[in-house]
Each structure stands twice: as C-alpha cells, then as structure tokens.
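In structure tokens:
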C-alpha cells in the first residue's frame, strides 16, 4: 500500500465507519409513514438522493430496526418533505426517541396536512413534498438498507420553483435551502454560483 502522507492525505484506518471523520454535504427530509394504529410517524433522514435524472425515483437509507421501514413495507407508500432553514426545531422534534409503548409525543408539535394522492401527511412549511410508492428495499449494507420509492406526485412551494424570468442565484437568495453537514452541523445555502460546465457537456 502506498503512503499518501506526502500529498497531505491521511489514510483512515481502524474499524468502520469512516463517515464521522470528515464532513459531507447532504439534504434533509422528513419521511412520513402510517403507523399500525392509523396515526402518522415523521422521521428525519439525510442519506437521501434522487436516482438518476430520466425517471422520478428517490432513495434514502434507514435501519431495519426503525418503525419507518416497517411502516412503509406494510403500507407500500411514504412521503418526503424537505424542510426550510427555519425548521430546525421541527427536525429535532421528529428525531426525538419513542417513549415506552412506542409513541413519539414530540410529533404533536409538528404541523402537517394530508397528502393529495396517498394515505400520508406532509410537513407544513417545507419547500418540497414528494408522495412516493414503495418500489423496493435493498438490504445488505451493514446495519442499514436502502429504500427506493417512485414519485407519484411532487409539490413545490411557489417561491422555490425555477422560472425563466428569475435568475437561479436570486431565487436561492430569497428562498434558501437547508443542508446537513454530516455528522453534526448544518448550513443555510443562499449564496450560489453557476457551475462551469464544459462546452458540449451533456448528461
């Protein structure tokens, strides 16, 4: 094995995971699922991303021990709500542990409204909402699995919709995004720049 220290690189050794040793930028979402008693659960996730750009699939990682996975496998549907920067408290409430009996009373402080196309709820104030049918669950990633959903409907706050008559930089300055800097910080994204794509670039 080559020593890369001369290049200023530190090779991470020891037991995994490596992820707490540096920062990664990630999106934040509330995942909404229906509980067996008919109530709804909301849980924050940041290992989340669209799958490709030619079809509307979305994936996120979770643990089999979480109620989120049990709920969505039973119901076959789930929702995703992308919070605005001023919803940090809501995310913290959604991350609160369950009490004895499995209830999560902190969720009563979150404002929600019914999804339009499936049995679920969306978080009030979020700038983006996705209503998803469960496509598949991929297991075998250590203690985690990957949930893949097919987007049945997407709803975007009018202030966050890209328009031909508004520069993208101005849009994001007035409707900033929230990013999670894993493992434990966050950022408000409001100053952005056009990416310098090479001439002839295509997907």
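Residue numbers (the numbering used here): 738 to 940. Ideal placement from N, C-alpha and C gives every residue a C-beta, glycine not left out.
With residue i as the anchor, note down where its alpha helix (DSSP H) starts and where it stops.
{"i": "residue 805", "result": "804-812"}
{"i": "residue 902", "result": "Where residue 902 is concerned, there is no enclosing alpha helix (DSSP H), given that its DSSP letter is neither H nor E."}
{"i": "residue 827", "result": "825-831"}
Considering only the beta carbon of each residue, do residue i and residue j sit closer than 8 Å?
{"i": "residue 867", "j": "residue 795", "result": "yes"}
{"i": "residue 792", "j": "residue 766", "result": "no"}
{"i": "residue 886", "j": "residue 932", "result": "no"}
{"i": "residue 700", "j": "residue 881", "result": "Lying outside 738 to 940, the shown extent of the chain, residue 700 is not represented and no answer is given."}
{"i": "residue 833", "j": "residue 818", "result": "no"}
{"i": "residue 916", "j": "residue 764", "result": "yes"}
{"i": "residue 856", "j": "residue 812", "result": "yes"}
{"i": "residue 920", "j": "residue 787", "result": "no"}
{"i": "residue 790", "j": "residue 899", "result": "no"}
Terminal residues of the continuous beta strand (DSSP E) containing residue i?
{"i": "residue 878", "result": "865-878"}
{"i": "residue 793", "result": "Counting along the chain, residue 793 falls outside any beta strand (DSSP E), and DSSP gives it neither H nor E."}
{"i": "residue 739", "result": "Where residue 739 is concerned, there is no enclosing beta strand (DSSP E), given that its DSSP letter is neither H nor E."}
{"i": "residue 898", "result": "Taken as a continuous stretch (DSSP letters only), residue 898 belongs to no beta strand (DSSP E), as it is neither H nor E."}
{"i": "residue 777", "result": "777-782"}
{"i": "residue 767", "result": "766-771"}
{"i": "residue 785", "result": "785-787"}
{"i": "residue 919", "result": "914-919"}
{"i": "residue 754", "result": "No beta strand (DSSP E) holds residue 754; DSSP gives it neither H nor E."}
Nearest CA to the CA of residue i: which residue from the options?
{"i": "residue 840", "options": "739, 775, 907", "result": "775"}
{"i": "residue 780", "options": "858, 877, 864", "result": "858"}
{"i": "residue 852", "options": "889, 835, 929", "result": "889"}
{"i": "residue 838", "options": "861, 824, 871, 773", "result": "773"}
{"i": "residue 929", "options": "808, 869, 911", "result": "911"}
{"i": "residue 897", "options": "746, 862, 871", "result": "862"}
{"i": "residue 893", "options": "902, 864, 879, 903", "result": "864"}
{"i": "residue 777", "options": "850, 934, 902", "result": "850"}
{"i": "residue 806", "options": "874, 934, 938", "result": "874"}
{"i": "residue 872", "options": "884, 879, 878", "result": "884"}
Report, in whole angstroms, the separation of the C-beta atoms of residue i and residue j, which I expect to be a contact under 8 Å.
{"i": "residue 768", "j": "residue 918", "result": "At roughly 20 Å, the Cβ-Cβ gap does not stay under 8 Å, so residue 768 and residue 918 are not in contact."}
{"i": "residue 895", "j": "residue 913", "result": "Not really, about 15 Å apart at Cβ, beyond 8 Å."}
{"i": "residue 808", "j": "residue 750", "result": "That pair is no contact at about 38 Å."}
### Message
Does the region 903-911 come into contact with the region 828-836, if we say contact requires no fewer than three beta-carbon pairs (one atom in each stretch) closer than 8 Å?
### Response
no
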